[in-house]
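Protein chains: 2
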Amino acid sequence: MKILTSVKIVRTFYWLIGHIFVMNITEFVELSIGRWRSQRSGHHLAFAHFEEVLSEINIESLSTDDSKVLEICKSNDVNPSSITHPFRMTWEGESDWDEKTFSGSTVLVPVPDAENPQKGKLLREEGYAETIAAVGNYHLSEDGTFILQTEYDRAAAEERIWFANPNLRFRVATIKTSNGKGITTASFCSEIRS
Amino acid sequence: MKILTSVKIVRTFYWLIGHIFVMNITEFVELSIGRWRSQRSGHHLAFAHFEEVLSEINIESLSTDDSKVLEICKSNDVNPSSITHPFRMTWEGESDWDEKTFSGSTVLVPVPDAENPQKGKLLREEGYAETIAAVGNYHLSEDGTFILQTEYDRAAAEERIWFANPNLRFRVATIKTSNGKGITTASFCSEIRS
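Just so you know, the sequences run in chain order A and B.
Counting in the numbering used here, the first sequence runs from 1 upward without gaps.
Counting in the numbering used here, the second sequence runs from 1001 upward without gaps.
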């Protein structure tokens, strides 16, 4: 039996807390920190078309007084004392659609609801569906799923993220157009800590 | 504006009930009844391998005194008066792995918990991970996700099913080996009512 490193003990602790009690944003972000090998399947619903994407994702903790974090607070008119656990996400990958590599990075800032720690806003430097800044609303369900809803100008995105164990994370994302045509794409990621 | 058929009104009603209040097995099964065009991605985690499957799924309601249903109750030692909304699932599809078509059929029998209608057992004529009869434990989360856990001899399966709208259903299934090696495969289905 291998001796667990202190990092592993801490991760297992956060995962257990999130499963025995209700997960909050602290446990969720702490579990997400690290490098992940991501396998993503995109479903283009109207054409039953599949897209396959492999990528490396790095999620790193930022300090609440990081200059980028303070800038995002300022542009969203959010008091920096009300934020918690900001982080940077960086990705690099390849899709079977165009065989070209892609990469990117964004900073995310959770702002928990003062009344209900299971809910809050997530400020984002740059959106997924459109390359503009975005503010999403999140909540953590009783079974530990992080559910994020973000409205854009011409679309709305929903993301559901949960941990099967401290080293395996699943994500389902859907994009809905705002012209009433409904959900156009859905994607599923399996992410293994590397 | 098209006039909704009574079937569509009923489905929308069940979906709304499931979203405004908490979904129970009645709403869940009623919403599932019908023909679905399914797009499935399998992720084989150790090798980052993708599998693509297209299939047609048909879910039809059975009566609680159907002979097959009564037989499943008997073999599980379950009183037929404690069951609700049994159904038959039939599928036919093709995977990009072997280009061969596959098909199958199974009967499922929900047995809601007398104390808590959000929980129960799901009796199954034949399992997914192993072709033997199986009994799973389900619960419906507050956000309307049906979560089914089934233990087999050498594996355990978890399935999460939710409705994005009355005509779009998502499923995430994971298979865990019982030798302690963890989750080996995960799959994601987008299912559109056809």
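Just so you know, even glycine gets a beta-carbon here, dropped at the ideal spot from N, CA and C.
Which listed residue (the options) has its alpha carbon closest to that of residue i
{"i": "A/SER63", "options": "A/HIS85, A/ASN79 and A/ILE72", "result": "A/HIS85"}
{"i": "A/TYR14", "options": "A/SER82, A/GLY136, A/ASN167 and A/ARG171", "result": "A/ASN167"}
{"i": "A/ILE183", "options": "A/LEU31, A/THR5, A/LEU45 and A/ARG11", "result": "A/LEU45"}
{"i": "B/LYS1121", "options": "B/SER1103, B/LEU1148 and B/LYS1100", "result": "B/LEU1148"}
{"i": "B/LYS1074", "options": "B/LEU1123, B/SER1194, B/HIS1139 and B/ARG1011", "result": "B/LEU1123"}
{"i": "B/HIS1139", "options": "B/PRO1080, B/GLU1115, B/SER1038 and B/GLU1094", "result": "B/GLU1115"}
{"i": "A/ASP96", "options": "B/PHE1102, B/SER1081 and B/HIS1049", "result": "B/HIS1049"}
{"i": "B/ARG1171", "options": "B/SER1178, B/THR1177 and B/ALA1186", "result": "B/ALA1186"}
{"i": "B/ILE1033", "options": "B/SER1103, B/ARG1011, B/PRO1080 and B/THR1177", "result": "B/ARG1011"}
{"i": "A/CYS189", "options": "A/PHE47, A/GLU51, A/LEU16 and A/PHE28", "result": "A/GLU51"}
{"i": "B/ILE1175", "options": "A/ALA164, A/ALA173 and A/SER178", "result": "A/ALA164"}
{"i": "B/PHE1146", "options": "B/ALA1134, B/ALA1155, B/TYR1152 and B/ALA1173", "result": "B/ALA1173"}
{"i": "A/THR101", "options": "A/LYS119, A/VAL53 and A/ILE72", "result": "A/VAL53"}
{"i": "B/SER1081", "options": "B/GLU1094, B/ILE1009 and B/ASP1113", "result": "B/ASP1113"}
{"i": "A/ASN137", "options": "A/ALA155, A/GLU125 and A/VAL111", "result": "A/VAL111"}
{"i": "B/GLU1030", "options": "B/VAL1007, B/ARG1037 and B/PHE1047", "result": "B/VAL1007"}
{"i": "A/ARG154", "options": "A/THR177, A/ILE9, A/ALA134 and A/GLY144", "result": "A/THR177"}
{"i": "B/ASP1065", "options": "B/ASN1079, B/SER1055 and B/GLU1056", "result": "B/ASN1079"}
{"i": "B/ARG1193", "options": "B/SER1038, B/LYS1119 and B/ILE1025", "result": "B/SER1038"}
{"i": "B/SER1067", "options": "B/GLU1191, B/GLU1142 and B/GLU1125", "result": "B/GLU1125"}
{"i": "B/ASP1143", "options": "B/THR1005, B/PHE1028 and B/ALA1134", "result": "B/PHE1028"}
{"i": "A/ARG35", "options": "A/ILE83, A/GLU71, A/ARG169 and A/GLU56", "result": "A/GLU56"}
{"i": "B/ASN1076", "options": "B/VAL1135, B/GLU1060, B/LYS1119 and B/ASN1024", "result": "B/VAL1135"}
{"i": "A/LEU70", "options": "A/MET23, A/ASN58, A/ILE83 and A/THR26", "result": "A/ILE83"}
{"i": "A/ARG169", "options": "A/GLU191, A/LYS119, A/GLU151 and A/LEU16", "result": "A/GLU191"}
Beta bridge counterpart(s) of residue i as assigned by DSSP
{"i": "B/LEU1140", "result": "B/PHE1146"}
{"i": "A/ARG169", "result": "A/PHE163 and A/GLU191"}
{"i": "A/LEU122", "result": "A/PRO110 and A/GLY136"}
{"i": "B/ARG1040", "result": "B/VAL1053 and B/CYS1189"}
{"i": "A/ILE175", "result": "A/ALA157 and A/THR185"}
{"i": "A/ASN58", "result": "A/ARG35 and A/THR90"}
{"i": "B/SER1105", "result": "B/THR1090"}
{"i": "A/GLU27", "result": "Beta-bridge pairing links A/GLU27 to no other residue."}
{"i": "A/GLU71", "result": "Answer by DSSP bridge pairing: none, since A/GLU71 is not bridged."}
Helix, strand or coil at residue i according to DSSP, with G and I counted as helix
{"i": "A/TRP15", "result": "helix"}
{"i": "B/GLU1115", "result": "coil"}
{"i": "A/GLU99", "result": "coil"}
{"i": "A/THR84", "result": "coil"}
{"i": "B/MET1001", "result": "Caution is warranted here: a pLDDT of 43 is assigned to B/MET1001, below 50, making its placement in the model unreliable, and no coordinate value can be reported."}
{"i": "A/THR64", "result": "coil"}
{"i": "A/ILE9", "result": "helix"}
{"i": "A/ILE33", "result": "coil"}
{"i": "A/THR48", "result": "The sequence shown places Ala at residue 48 of chain A, not Thr. Coil, per DSSP."}
{"i": "B/GLU1130", "result": "Confidence at B/GLU1130 is low in this model, with a pLDDT of 49, below 50, so the placement of that residue should be treated as unreliable; the coordinate-derived value is given next. Of the three classes helix, strand and coil, the one that applies to B/GLU1130 here is coil, per DSSP."}
* Asked: Relative to chain A, which residues along the region 1039-1065 of chain B have a C-beta separation below 8 Å, given in chain order?
  -> From the region 1039-1065 of chain B, only GLN1039, SER1041, HIS1043, LEU1045, ALA1048, PHE1050, GLU1052 and LEU1054 have a Cβ closer than 8 Å to chain A.
* Decide if the region 104-124 of chain A is in contact with the region 73-93 of chain A; the criterion is three or more beta carbon pairs, one per stretch, under 8 Å apart. => Contact between the region 104-124 of chain A and the region 73-93 of chain A is present, because at least three Cβ pairs lie under 8 Å.
* Cβ-based contacts, 7 Å cut-off: residues of the region 1077-1109 of chain B near chain A -> Going along the region 1077-1109 of chain B in chain order, one finds no residue with a Cβ nearer than 7 Å to chain A.
* Three-pair Cβ contact test at 8 Å for the region 152-166 of chain A versus the region 40-57 of chain A -> No, the region 152-166 of chain A does not touch the region 40-57 of chain A.
* For the region 1143-1165 of chain B, which residues have a beta carbon sitting closer than 9 Å to at least one beta carbon of chain A? -> Residues passing the 9 Å Cβ filter: ASP1143, THR1145, ILE1147, GLU1158, ARG1160, TRP1162, ALA1164 and ASN1165.
* Could you name the residues of the region 1180-1192 of chain B whose beta carbon sits closer than 7 Å to any beta carbon of chain A, in the order they occur along the chain? => Result list: GLY1182, ILE1183, ALA1186, PHE1188, SER1190 and ILE1192.
* Interface residues of the region 1167-1181 of chain B facing chain A [CB-CB below 9 Å] -> Listed by position along the chain: ASN1167, LEU1168, PHE1170, VAL1172, THR1174 and LYS1176.
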